[in-house]
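Since the structure comes first, as structure tokens, the remarks are kept for the end.
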Amino acid sequence: MLFNSVDFAVFLPLVFMGYWLIGPGRVRGQNAFLILAGVVFYGWWDWRYLGLLLFTAGVDYIVAQGMERTGSSARRKVLMGISLVANLGLLGFFKYFDFFVVAFNDAFTLLGRPLGLRTLGLVLPVGISFYTFQSLSYTIDVYRKQLPATRDPLVFFAFVSFFPQLLAGPIERARNMVQQFERPRVFDMAHAQDGLRQILWGLFKKVVVADNCGILVDGAYDDPTMHSGATLCLATIFFSFQIYCDFSGYSDIALGSARLFGFTLMRNFAYPYFSRDMGEYWRRWHMSLNTWFRDYLYIPLGGSRGGKWMVLRNTIIIFLVSGFWHGANWTFISWGAINAAFFIPLILTGANRRFTGPIAHGRWLPSWNEALRMVYTFLLATLTRVFFRSETMTDAMEVFRRVFSASLFTTPDFLHFRVVAFSVISIVIMLVIEWMNRDRQHGLQMDGRATRPVRFTLYYAIIMLMILMAPLGGGEFIYFQF
Amino acid sequence: MPLPIRFVIRCLLYGLPVLAMLMLYCGLNARYFPAPHVTRNIAVNEKFAAFATHGMPAARPDVLAFGSSMALNNLASNEVIAHFGAQRYFNLGAWGLDMVQTCELAGAFAERYHPRVIVIAGNLRDFAALVERSGFRLGPVMDLAESGPGPGIYLAHPDLVYYLRQMESNKLRYNDPGNYECLRMDAHGGVRLDVPRERIIPERWERPVPGAGDLMDEKYAALGRLASGLRSMGIDLVYVAPPYRDGIRTPEASSAIARHAARVRDLLTTHGQQYCDGYDRTWPDDLFCDSSHLNGEGAKIFTAHALARLKPTVTDR
Numbered sequence: 039m040l041f042n043s044v045d046f047a048v049f050l051p052l053v054f055m056g057y058w059l060i061g062p063g064r065v066r067g068q069n070a071f072l073i074l075a076g077v078v079f080y081g082w083w084d085w086r087y088l089g090l091l092l093f094t095a096g097v098d099y100i101v102a103q104g105m106e107r108t109g110s111s112a113r114r115k116v117l118m119g120i121s122l123v124a125n126l127g128l129l130g131f132f133k134y135f136d137f138f139v140v141a142f143n144d145a146f147t148l149l150g151r152p153l154g155l156r157t158l159g160l161v162l163p164v165g166i167s168f169y170t171f172q173s174l175s176y177t178i179d180v181y182r183k184q185l186p187a188t189r190d191p192l193v194f195f196a197f198v199s200f201f202p203q204l205l206a207g208p209i210e211r212a213r214n215m216v217q218q219f220e221r222p223r224v225f226d227m228a229h230a231q232d233g234l235r236q237i238l239w240g241l242f243k244k245v246v247v248a249d250n251c252g253i254l255v256d257g258a259y260d261d262p263t264m265h266s267g268a269t270l271c272l273a274t275i276f277f278s279f280q281i282y283c284d285f286s287g288y289s290d291i292a293l294g295s296a297r298l299f300g301f302t303l304m305r306n307f308a309y310p311y312f313s314r315d316m317g318e319y320w321r322r323w324h325m326s327l328n329t330w331f332r333d334y335l336y337i338p339l340g341g342s343r344g345g346k347w348m349v350l351r352n353t354i355i356i357f358l359v360s361g362f363w364h365g366a367n368w369t370f371i372s373w374g375a376i377n378a379a380f381f382i383p384l385i386l387t388g389a390n391r392r393f394t395g396p397i398a399h400g401r402w403l404p405s406w407n408e409a410l411r412m413v414y415t416f417l418l419a420t421l422t423r424v425f426f427r428s429e430t431m432t433d434a435m436e437v438f439r440r441v442f443s444a445s446l447f448t449t450p451d452f453l454h455f456r457v458v459a460f461s462v463i464s465i466v467i468m469l470v471i472e473w474m475n476r477d478r479q480h481g482l483q484m485d486g487r488a489t490r491p492v493r494f495t496l497y498y499a500i501i502m503l504m505i506l507m508a509p510l511g512g513g514e515f516i517y518f519q520f
Numbered sequence: 073m074p075l076p077i078r079f080v081i082r083c084l085l086y087g088l089p090v091l092a093m094l095m096l097y098c099g100l101n102a103r104y105f106p107a108p109h110v111t112r113n114i115a116v117n118e119k120f121a122a123f124a125t126h127g128m129p130a131a132r133p134d135v136l137a138f139g140s141s142m143a144l145n146n147l148a149s150n151e152v153i154a155h156f157g158a159q160r161y162f163n164l165g166a167w168g169l170d171m172v173q174t175c176e177l178a179g180a181f182a183e184r185y186h187p188r189v190i191v192i193a194g195n196l197r198d199f200a201a202l203v204e205r206s207g208f209r210l211g212p213v214m215d216l217a218e219s220g221p222g223p224g225i226y227l228a229h230p231d232l233v234y235y236l237r238q239m240e241s242n243k244l245r246y247n248d249p250g251n252y253e254c255l256r257m258d259a260h261g262g263v264r265l266d267v268p269r270e271r272i273i274p275e276r277w278e279r280p281v282p283g284a285g286d287l288m289d290e291k292y293a294a295l296g297r298l299a300s301g302l303r304s305m306g307i308d309l310v311y312v313a314p315p316y317r318d319g320i321r322t323p324e325a326s327s328a329i330a331r332h333a334a335r336v337r338d339l340l341t342t343h344g345q346q347y348c349d350g351y352d353r354t355w356p357d358d359l360f361c362d363s364s365h366l367n368g369e370g371a372k373i374f375t376a377h378a379l380a381r382l383k384p385t386v387t388d389r
């Protein structure tokens with residue numbers, strides 16, 4: 039089920055009513071209801087893959103129970119191994135099997151010994167990269183004794199199948215969520231109202247900004263050989279806004295929906311385009327995945343303990359793995375590698391944590407230095423997106439070849455002037471509102487900053503913009519493919 | 073009252089202005105409000121709703137045209153009316169229809185309205201398996217054509233998002249002949265396409281003629297069945313094949329077109345029906361909006377030229 043669908047507009051209020059009618063004191067009943075809602079939500083897309091979700095959750099529940107009961111560290115290691123093999127095996131099979139078959143075939147053909155292995159043409163079950171990582175965080179935390187295993191299967195299954203973040207995150211940490219499922223939830227009016235505002239803001243970013251930009255981006259990237267450097271350059275910039283508004287829009291809707299049920303999910307985006315360097319950018323972009331890699335890969339690899347070269351090595355590994363996590367394609371691996379390359383100078387100069395405080399603190403506008411840094415960081419991030427968006431490495435190279443040619447200085451050949459106008463207008467609105475509220479959790483968290491009439495005028499204006507500017511054919515969220 | 077219930081009531085109350093805004097917006101843009109979402113094909117929905125709103129069911133049409141955009145854009149209404157001396161003509165062509173769907177619709181309309189002549193306009197693409205066509209059920213389409221876009225049919229196909237989004241798109245479709253999706257219909261359902269040179273999409277301009285391997289036997293069979301069925305009902309079928317622009321007709325394309333034309337002609341003449349095209353003259357690029365869609369001037373020239381080559385129809389004799 040898509041957040042931006044009528045189905046969800048009916049589903050969410052029904053689940054909300056059912057959940058609170060069960061009553062705040064009946065935690066187990068509410069958890070069971072949330073599992074049912076998660077199953078319906080996921081099954082709406084394709085019920086056949088529900089088995090995978092239940093398998094992942096079932097294995098990790100049993101493994102965690104086993105680890106809790108045994109005192110033997112060897113046995114705990116074996117159980118942890120089972121969880122890793124089950125989760126990563128499933129993910130690897132569905133996501134990477136065909137990629138490796140093609141890679142092996144190509145490599146052996148080059149060596150003159152074609153293997154003739156066949157690909158399986160597997161469909162990637164939506165959300166698998168997210169829920170396997172989330173479930174894995176639980177068994178790792180239990181293994182490390184940072185979290186006691188929960189005895190109640192309803193708590194664990196509700197945690198894994200919690201519908202707001204089931205399909206595309208945020209990838210929750212068991213440490214944050216399991217206890218929220220264990221304790222009674224009390225309805226908080228202010229919390230719920232703010233959740234609704236966050237949903238509205240997420241919908242605006244998705245259906246207005248991302249979907250309009252998406253039309254222009256698809257038109258240019260479907261066949262880069264047909265377009266000038268100017269068109270491809272602008273399309274890449276539009277893609278930067280599309281992917282941000284698509285993914286952060288999804289996250290806003292997820293966080294807002296969770297708040298309606300009394301849950302607080304971790305933040306996934308903190309206005310990354312207001313970053314002053316790539317270090318700050320990566321601390322603000324897809325935070326749940328990046329902190330997951332930090333906690334469960336970077337630190338076990340040695341983290342920052344072994345000096346600069348160790349940090350460098352571990353950073354490169356993290357970026358490459360992050361690229362590979364996004365998809366079995368050389369374009370994603372290249373995207374990871376280029377991001378690592380942009381990050382390395384910051385590590386070598388010790389400047390990777392130079393900007394940790396708020397930008398333009400106490401001021402309405404940034405200084406010239408800050409503004410230039412933000413633009414520079416945005417352009418660097420945009421440059422890497424050429425790989426992220428291109429279907430193949432050949433396409434990516436074609437985009438670069440055209441962008442760095444004389445055709446960069448021609449008039450862009452976008453066909454839909456109206457869509458260009460809508461994209462630009464909506465991007466400006468989005469940036470202004472997020473800039474004004476950059477110290478808050480989301481763009482519409484304006485309590486104490488604007489009077490009630492002003493706030494309500496803004497909410498209604500946003501709804502009208504959604505009605506007027508949402509294009510045809512806006513659909514799935516980009517991160518569903520990962 | 074429990075807090076969650078109060079929250080829901082508050083949401084509903086705050087939602088009232090949204091509802092009012094929506095109604096105001098729809099009221100202000102009522103003329104762009106789309107036809108009921110009976111099929112996934114927007115043009116089909118609009119076209120068959122227009123058939124009813126133009127009073128055709130009661131008027132009993134005597135000439136009906138069917139087909140894809142080849143009928144929608146390439147048949148000039150005035151020329152069709154002049155040729156057939158038609159009193160009540162309506163063009164039911166809609167983009168996205170293939171030959172099987174076209175024949176299905178033509179057959180159903182023939183049974184219900186029993187017109188004098190049915191004109192089908194098509195080219196090789198309508199017989200090809202190149203694009204995925206959106207399927208539809210005939211019943212709801214016929215109901216829409218018969219009863220028009222009343223509240224009942226909207227309620228039977230509720231899709232608020234679709235209607236809102238299409239309403240915005242219709243502002244372009246209903247007004248802009250330079251848009252390939254234009255649906256600015258004349259009084260007889262024809263749509264004149266006039267895409268300025270600078271808005272021509274290169275991909276469409278260069279779209280090649282489908283090869284023999286792309287053509288599907290089942291689509292020819294459907295046309296054969298229709299030709300035979302209409303003959304038994306005493307209805308004349310005229311198949312009109314709009315030209316591809318000269319610039320796209322390579323020797324291979326010309327030969328594919330000729331083979332296709334011979335096959336269609338055979339199918340029709342077997343059942344006493346007629347085929348016409350305009351390949352006995354040149355079709356310069358400036359009469360086209362892409363490789364096969366004529367502009368307004370081109371449609372006029374082509375329609376008059378092709379129909380002039382028909383033998384008198386049974387009803388004229």
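Chains as they are written, first to last, in the numbering used here: chain A, 39 to 520; chain B, 73 to 389. Quick reminder that beta carbons are idealized off the backbone N, C-alpha and C, glycines included.
Residue i and residue j closer than 8 Å at C-beta
i	j	result
A/R411	A/R487	no
A/S167	A/L204	no
A/I178	A/Y311	no
A/D132	A/L162	The question names Asp, but residue 132 of chain A is Phe in the sequence shown. It is a contact, given that the beta carbons lie within the stated cut-off.
B/N117	B/V110	yes
A/M325	A/N214	no
B/N163	B/L144	yes
A/V216	A/L503	no
A/A187	A/A102	yes
A/A268	A/P450	yes
Cβ neighbour criterion (16 or more within 10 Å) applied to residue i
i	result
B/N367	buried
A/R427	buried
A/K115	exposed
A/S43	exposed
B/V310	buried
B/R389	Residue confidence for B/R389 is low, a pLDDT of 39 falling below 50, so the modelled location carries little weight and cannot support an answer.
A/F357	buried
B/R321	buried
B/N247	exposed
B/M73	exposed
B/T342	exposed
A/K244	buried
Residue from the options whose Cα sits closest to the Cα of residue i
i	options	result
B/I273	A/H265, A/E318 and A/G165	A/H265
A/P202	A/Q231, A/F46 and A/I100	A/F46
B/A166	B/H229, B/G194 and B/R317	B/G194
A/N69	A/V193, A/A124, A/L122 and A/V123	A/V193
B/C175	B/P221, B/L298 and B/D352	B/L298
B/S241	B/P230, B/L255, B/D231 and B/P221	B/L255
B/R353	B/P315, B/L339, B/H186 and B/L196	B/P315
B/R331	B/I307, B/Q238 and B/P282	B/P282
A/G63	A/P338, A/L91 and A/F219	A/F219
Cβ separation of residue i and residue j, assumed to be a contact under 8 Å, to the nearest whole Å
i	j	result
B/R303	B/Q345	7 Å
A/L446	A/C271	6 Å
B/G168	B/A115	6 Å
B/T375	B/V135	Not a contact, Cβ separation roughly 13 Å.
A/T353	A/A379	Not confirmed; about 10 Å, so no contact.
A/H229	A/R322	That pair is no contact at about 24 Å.
Chain-ordered chain E contacts of residue i [CB-CB under 8 Å]
i	result
B/M93	The structure shown has no chain E; the protein chains it does contain are A and B.
Quiz item: Which runs of the beta strand (DSSP E), 3 residues or longer, sit entirely within the stretch 156 to 244 of chain B?
Solution: Whole beta strand (DSSP E) segments, 3+ residues: 161 to 163 and 189 to 193.
Quiz prompt | Complete runs of the beta strand (DSSP E) confined to the stretch 122 to 148 of chain A [at least 3 residues] | solution = Within the stretch 122 to 148 of chain A, no run of beta strand (DSSP E) at least 3 residues long lies entirely inside it.
Exercise. Write down every uninterrupted run of the alpha helix (DSSP H) in the stretch 456 to 511 of chain A whose length is 4 residues or greater and which is fully enclosed by it, in chain order.
Key: Qualifying alpha helix (DSSP H) stretches, in chain order: 490 to 507.
Exercise. Please go through the stretch 277 to 364 of chain B and give each complete beta strand (DSSP E) segment of 3 or more residues, from N-terminal end onward.
Key: Along the length of the stretch 277 to 364 of chain B, whole beta strand (DSSP E) runs at least 3 residues long occupy 308 to 313 and 346 to 349, reported in chain order.
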